[in-house]
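K.L.:
There are 2 protein chains.
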Amino acid sequence: METIENKILPNKEECAGALKNVFDAIYVLNGKWKLPLVLSLMQSSKRFNEIQKEINGISPKVLANELKDLELNFLIKRNVYPTTPVSIVYEATDYSYTLKNILIELSHWGENHRNKVKGKV
Amino acid sequence: METIENKILPNKEECAGALKNVFDAIYVLNGKWKLPLVLSLMQSSKRFNEIQKEINGISPKVLANELKDLELNFLIKRNVYPTTPVSIVYEATDYSYTLKNILIELSHWGENHRNKVKGKV
DNA sequence: GATAGTAGTTACCTAATGGAAAGTGGTTAC
DNA sequence: GTAACCACTTTCCATTAGGTAACTACTATC
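Respectively, the protein sequence lines represent chains A and G. For what it's worth, my numbering labels the leading residue of the first sequence as 1, then goes sequentially. For what it's worth, my numbering labels the leading residue of the second sequence as 1001, then goes sequentially.
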């Protein structure tokens, strides 16, 4: 069965490269929270407490860590506005939009998989 | 800046759904190994020891666990051939090819991100 | 002066992930 | 019969992720 798939995942060298690439991507995007956080901020910029409310169940400690991590990888930006008191607003970066396709595909797959599992049970 | 992105991630309800979907997908595909394993088996079916060799650094315990998990989620198939001694060959399933787009996007992103980080350092 | 909100930090704890090393039960080759 | 291969399993351990709760420093409001 040499089907269409082989057009996209062709030969051994390219697949070894793909394997390494996928590993590298997972290394940066690991954990429960990073991709959902980026997605949330892509939808709209938010303050710390607003993120906590939307991303149900994340603790302030974990949220603070994840935000720092994402900032180090250029995936979000922390803006401090000199109001009184200061407002701190997190926003998606131009670079974070390079994750758009991954997020779209993950969203489709997650929805489809949920339906598949529901159907089976 | 109401740009192209808004065509794909439009309103609040749809984004809440997308968030849930991404969460569900990550729940199934979490960890360092699952997506690389699926990718490896999409490239070609393999035996246990062959997988260990290709996926550098995975221990037999972890590999056995991950393979069971993936099988439960219909993402790989464990075939036992009645040779002497029996050969056990793991292969990708039709369902695992629904991850193809995610893997392609992750591979592109991982490669691009590696270059970006290299460029910065 | 007390209360509440904002944006976290700190200390402590548990659970899950993952790794090393050895063992198991079978077969095959020398 | 001994060594090696296959496909794991078992045991033990270290690391990490993630959660709870309390606390901080500041400001605003009642």
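For each residue, glycine too, the CB sits at the ideal point set by N, CA and C.
Would you identify the three-state DSSP class for A:N6, choosing helix, strand or coil?
P.N.:
Taking the first sequence and counting its residues from 1, the one referred to as residue 6 of chain A is at position 6. Here the model assigns A:N6 a pLDDT of 47, short of 50, so the residue's position is not dependable, and the following value carries that caveat. The answer is helix: DSSP assigns A:N6 an H, G or I state.
K.L.:
Give a yes or no on whether 8 Å exceeds the smallest Cβ distance from G:V1022 to chain A.
P.N.:
The residue labelled residue 1022 of chain G in the question sits at position 22 within the second sequence. Yes, G:V1022 lies at the interface with chain A (some Cβ there is under 8 Å from its Cβ).
K.L.:
If you check the beta carbons only, do A:E146 and A:S45 fall under 8 Å apart?
P.N.:
Since the first and last residues shown for chain A are 1 and 121, residue 146 of chain A lies out of range.
K.L.:
State buried or exposed for G:A1016, treating a residue as buried only when at least 16 other CB atoms are found within 10 Å of its CB.
P.N.:
As a position in the second sequence, residue 1016 of chain G is number 16, starting the count at 1. So G:A1016 counts as exposed.
K.L.:
Buried or exposed for A:A64, please, with buried defined as at least 16 other CB atoms from any protein chain shown within 10 angstroms of its CB.
P.N.:
Here residue 64 of chain A is taken as the residue at index 64 of the first sequence, counted from 1. Result: exposed.
K.L.:
Just reading off the beta strand (DSSP E) that G:S1087 is part of, what are its end residues?
P.N.:
Taking the second sequence and counting its residues from 1, the one referred to as residue 1087 of chain G is at position 87. That run of the beta strand (DSSP E) goes S1087 to A1092.
K.L.:
Between which two residues does the alpha helix (DSSP H) holding G:K1077 run?
P.N.:
By one-based count along the second sequence, residue 1077 of chain G stands at place 77. Looking at the DSSP string, G:K1077 is not in any alpha helix (DSSP H); the run it does join, the beta strand (DSSP E), is I1076 to Y1081.
K.L.:
Using DSSP bridges, identify the partner residues of G:R1114.
P.N.:
Within the second sequence, numbered from 1, the residue matching residue 1114 of chain G stands at position 114. Looking at the DSSP assignment, G:R1114 forms no beta bridge with any residue, so it has no partner.
K.L.:
Where do the N-terminal and C-terminal ends of the alpha helix (DSSP H) with G:K1068 fall, by residue?
P.N.:
Numbered from 1 along the second sequence, position 68 holds the residue referred to as residue 1068 of chain G. Its alpha helix (DSSP H) spans residues P1060 to L1072.
K.L.:
Straight-line CA distance for G:G1119 to A:L106?
P.N.:
Numbered from its first residue, the second sequence carries residue 1119 of chain G at position 119. Numbered from its first residue, the first sequence carries residue 106 of chain A at position 106. The straight-line gap from Cα to Cα measures roughly 28 Å.
K.L.:
If we call anything under 8 Å between Cβ atoms a contact, is G:V1022 one with A:G110?
P.N.:
Locating residue 1022 of chain G in the second sequence gives position 22, counting from the first residue. Locating residue 110 of chain A in the first sequence gives position 110, counting from the first residue. Contact flag set, yes.
K.L.:
Spell out a yes or no on whether the stretch 77-93 of chain A and the stretch 1077-1094 of chain G are touching, meaning 3 or more CB-CB pairs, one atom from each, closer than 8 Å.
P.N.:
no
K.L.:
In the stretch 76-105 of chain A, which residues sit with their C-beta less than 7 Å from some C-beta in chain G, listed in chain order?
P.N.:
Y97, T98, L99, K100, N101, I102, L103, I104 and E105
K.L.:
Which whole-angstrom value describes the C-beta separation of G:N1101 and G:V1028, a residue pair presumed to lie in contact below a C-beta threshold of 8 Å?
P.N.:
Locating residue 1101 of chain G in the second sequence gives position 101, counting from the first residue. Locating residue 1028 of chain G in the second sequence gives position 28, counting from the first residue. At roughly 16 Å, the Cβ-Cβ gap does not stay under 8 Å, so G:N1101 and G:V1028 are not in contact.
K.L.:
Since A:G40 is in the alpha helix (DSSP H), which residue starts that stretch and which ends it?
P.N.:
By one-based count along the first sequence, residue 40 of chain A stands at place 40. For the record, residue 40 of chain A in the displayed sequence is Ser; it is not Gly. Taken as a continuous stretch (DSSP letters only), the alpha helix (DSSP H) holding A:S40 covers K34 to Q43.
K.L.:
Just the Cα atoms here: how many angstroms apart are G:E1050 and G:P1082?
P.N.:
Stepping through the second sequence from its first residue, residue 1050 of chain G is reached at position 50. Stepping through the second sequence from its first residue, residue 1082 of chain G is reached at position 82. Computed Cα separation, rounded: 19 Å.
K.L.:
Going by other Cβ atoms of all chains shown within 10 Å of its Cβ, with 16 needed for buried, is G:K1068 buried or exposed?
P.N.:
To locate residue 1068 of chain G, count along the second sequence from 1; it is residue 68. Exposed, because fewer than 16 other Cβ atoms sit within 10 Å of the Cβ of G:K1068.
K.L.:
Between the beta-carbon of G:I1026 and the beta-carbon of A:L103, is there less than 8 Å?
P.N.:
Working through the second sequence from its first residue, we reach residue 1026 of chain G at position 26. Working through the first sequence from its first residue, we reach residue 103 of chain A at position 103. No, these two residues do not count as a Cβ contact at 8 Å.
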